[in-house]
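For the sequence shown, counting from 1, position 89 maps to 801 in full-length UniProt numbering; every step adds exactly one.
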Amino acid sequence: GDGVTKAIYHPYDKTFEINPDDLLIDFQSPLGQGQFGVVFQGKLQTKQGTHPVAVKTTKDSDVNHLRSLLSEIKIIMYIGKHENIVNLIGAVTRDLKKRTRDVYVVVEYCQFGCLEEHLRTHRGTFFDEFGVSGVIRSASRSSYVRLQCVVKTSDLIIWAYQIISAMEYLASKNVVHGDVALRNMLLDANQVVKITDFGLSKHIYTQTQYVTTKKDTPVPWRWLAPEALSDNIFSLQSDVWSFGVLLYELFTLAELPYAVVTYNDEFLRLIGNGFRLNQPLYANTEIYAMMRECWRLDPKERPNFTSLKHFFHQFLRMQH
Ligand code: ADE
């Protein structure tokens, strides 16, 4: 096929290989962990000096887990650099001195960590710039009060916009993320959001616009589009559904979606009958209406990331 298909099958680019002697990993305090992976803080020694980095590895040496981490490296390599994606710095894949058989993926370190935790931590001092009017009114508070608020409505909008920019870029590369959720969004030292965790990503190889996964893998059902849940159909449009749930998380300051619901077949039936998440406390009616567009049953009727970008751009222009 096309160049895009070739790229994903391209051999591992050896120029990314890092000498394990240049990498110092702090195993004492993990930054985060997922199903098979765990992320540690580290320091990378280069000619330019020492840089803080994040290092992802597997929890055990199960070959399947190592294989899935290697395929994640290839996906990140294929995707290439974007300012709202946690960029790849390098990897340790070879057993240079027979000390280890582990794989280490070295990526940019994001100082403020997970956006989900950041929002929960700062809930108490959130500045609701929409208020009852539903339009941004930053000037209505003194700059002193605003400085006391770590997070405000305009930050949520900027972060939504940054995530959309990254998702639009992924869509242009025909990459389905597959796990779009606030827990996979990180904040760097400049408070810029970066998408991470491409462990569940899939490249769309064909023109059929969907890919399927094995039925037995546990799924983040609260974020999944109904067609992904019932028939394992993942697409750019199922990422849009998940992004709608992420918007709900943003504008509730990271509440658990469908908090009182436990998963069973009833959930899909409710969604099929039109049951949806409620309007978040800090979203206005326009933003909630856009979330509901992302949750259209028919994937084709959902907005794409380019139209979502235009939608959020109008809110960016209103700020000063
Ligand atoms: N947790 C998971 N990945 C991280 C990263 N790249 N930076 C900071 N914290 C993380």
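C-beta atoms are modelled at their ideal positions from N, C-alpha and C, and glycine is treated no differently.
Values in this document were obtained by computation on a predicted structure and should not be read as measured data.
Outcome for residue i when other beta-carbon atoms lying within 10 angstroms are tallied against a minimum of 16
| i | result |
| --- | --- |
| Asp-840 | exposed |
| Pro-992 | buried |
| Lys-759 | exposed |
| Arg-895 | buried |
| Gly-836 | exposed |
| Leu-1022 | Checking the displayed sequence, the identity of residue 1022 turns out to be His instead of Leu. When all chains shown are included, His-1022 counts as exposed. |
| residue 659 | Outside the displayed span of the chain (713 to 1032) sits residue 659, for which this structure offers no information. |
| Glu-784 | buried |
| Phe-1017 | buried |
| Glu-975 | First, the amino acid is wrong: residue 975 is Tyr here, not Glu. Result: exposed. |
| Asp-772 | exposed |
| Asn-776 | exposed |
| Arg-779 | exposed |
| residue 700 | No answer is possible for residue 700: the residues shown for the chain start at 713 and end at 1032. |
| Ala-893 | buried |
| residue 1048 | Here the chain covers residues 713 to 1032 and nothing more, so residue 1048 does not appear. |
| Leu-1028 | exposed |
| residue 1035 | Given a span of 713 to 1032 for the chain in the structure shown, any question on residue 1035 remains unanswerable. |
6 Å CB neighbourhood of residue i in its chain, flanking five on each side removed
| i | result |
| --- | --- |
| Ala-901 | Gln-823 |
| Val-957 | Trp-935 and Pro-969 |
| Leu-831 | Leu-965 and Ala-966 |
| Ala-937 | Ser-950 and Trp-953 |
| Leu-1020 | Ile-876 |
| Thr-918 | Below a pLDDT of 50, predicted positions are generally treated as unreliable, and Thr-918, at 46, falls in that range; the measurement from the model is reported next regardless. So the list is empty, once near-sequence residues are dropped. |
| Phe-910 | Glu-784, Ile-787 and Ile-788 |
| Met-1002 | Phe-1023 |
Beta-carbon contacts of residue i that lie in its chain and below 7 Å, excluding the five residues immediately before and after
| i | result |
| --- | --- |
| Thr-920 | For Thr-920, the pLDDT reaches just 47, beneath the cut-off of 50, and the residue's location in the model is therefore unreliable, although a value from the coordinates is still provided. For Thr-920, where only same-chain residues beyond five positions count, there are no Cβ hits under 7 Å. |
| Ala-872 | Leu-959, Leu-962 and Phe-1024 |
| Glu-939 | Ile-945, Ser-950 and Pro-1011 |
| Pro-723 | none |
| Ile-801 | Leu-756, Val-765, Val-818, Val-819 and Glu-820 |
| Gly-744 | Val-751 and Cys-826 |
| Ser-913 | Ile-787, Val-887, Val-888, His-889 and Gly-890 |
| Leu-899 | Cys-822, Phe-824, Gly-825, Leu-827, His-830 and Val-905 |
| Ile-737 | Phe-752, Gly-754 and Val-767 |
| Thr-908 | Val-798, Asn-896 and Leu-898 |
| Asp-725 | Met-789 |
Start and end residues, alpha helix (DSSP H) containing residue i
| i | result |
| --- | --- |
| Gly-984 | 977 to 984 |
| Val-952 | 948 to 963 |
| Ile-870 | 865 to 884 |
| Phe-910 | Neither: Phe-910 is in no alpha helix (DSSP H) and is coded neither H nor E. |
| Lys-1021 | 1017 to 1029 |
| Asp-943 | 938 to 943 |
| Tyr-1000 | 997 to 1006 |
Opening and closing residue of the beta strand (DSSP E) in which residue i lies
| i | result |
| --- | --- |
| Thr-758 | 749 to 758 |
| Leu-899 | 897 to 899 |
| Pro-742 | 735 to 745 |
Residues near residue i by beta carbon distance below 8 Å, same chain, minus five either side
| i | result |
| --- | --- |
| Thr-865 | Phe-839, Asp-840, Glu-841, Phe-842, Ile-848 and Tyr-994 |
| residue 691 | Lying outside 713 to 1032, the shown extent of the chain, residue 691 is not represented and no answer is given. |
| Pro-742 | Val-750, Val-751 and Phe-752 |
| Gln-903 | Phe-824 and Asp-867 |
Min CB distance residue i to chain D below 7 Å
| i | result |
| --- | --- |
| Ser-780 | The question asks about chain D, but that chain is absent: this structure has only one protein chain. |
Report task. Report the residue ranges of all beta strand (DSSP E) runs contained in full by the region 760 to 847; include only those spanning at least 3 residues, in chain order. Result -> Qualifying beta strand (DSSP E) stretches, in chain order: 761 to 770, 800 to 804 and 816 to 820.
**Report entry** Touch test, the region 881 to 888 against the region 964 to 972, Cβ-Cβ under 8 Å, three pairs minimum
**Finding:** With the rule of 3 Cβ pairs closer than 8 Å, the region 881 to 888 does not count as touching the region 964 to 972.
Query raised in the report: Are three or more beta carbon pairs between the region 789 to 800 and the region 867 to 879 nearer than 8 Å?
Result: Between the region 789 to 800 and the region 867 to 879 there are three or more inter-stretch CB-CB distances shorter than 8 Å, so the stretches are counted as touching.
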